[in-house]
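Numbering (the UniProt record's numbering), first residue to last: 1 to 85.
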């Protein structure tokens with residue numbers, strides 16, 4: 001994943017910023033090698049750090065209370081529900 005993404009993005013960025021000239025391939029390969037190192041370590045370490053942080057967060061959710069509408073003036077035959085958050 002890091003290989004293909006760094007390869008593609010560095011190609012696009014170098015072609016937009018520099019254009020296609022006699023130095024394009026050299027510049028692109030140098031930029032790609034630097035981008036691959038950053039992308040590889042980012043793809044390896046970021047998920048582990050994010051997993052540790054997410055494990056420390058205590059997620060709670062408020063219960064949803066569903067009440068039936070007792071208004072008899074409503075001629076609708078289906079039950080209406082109100083959700084209070």
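Just so you know, even glycine gets a beta-carbon here, dropped at the ideal spot from N, CA and C.
Rounded distance between the beta-carbons of residue j and residue i, thought under 8 Å
i          : j          : result
residue 27 : residue 18 : 6 Å
residue 6  : residue 36 : 4 Å
Residue range of the unbroken alpha helix (DSSP H) whose run includes residue i
i          : result
residue 62 : Segment: none, residue 62 is in no alpha helix (DSSP H) and carries neither H nor E.
residue 53 : 24 to 56
DSSP state of residue i mapped onto helix, strand, coil
i          : result
residue 18 : coil
residue 5  : helix
Sequence-distant residues of its chain with Cβ nearer than 7 Å to residue i (five each side left out)
i          : result
residue 12 : none
6 Å Cβ shell around residue i - same chain, five flanking residues per side excluded
i          : result
residue 14 : 27, 28 and 31
Residue i versus residue j - alpha carbon distance
i          : j          : result
residue 55 : residue 48 : 11 Å
residue 58 : residue 45 : 23 Å
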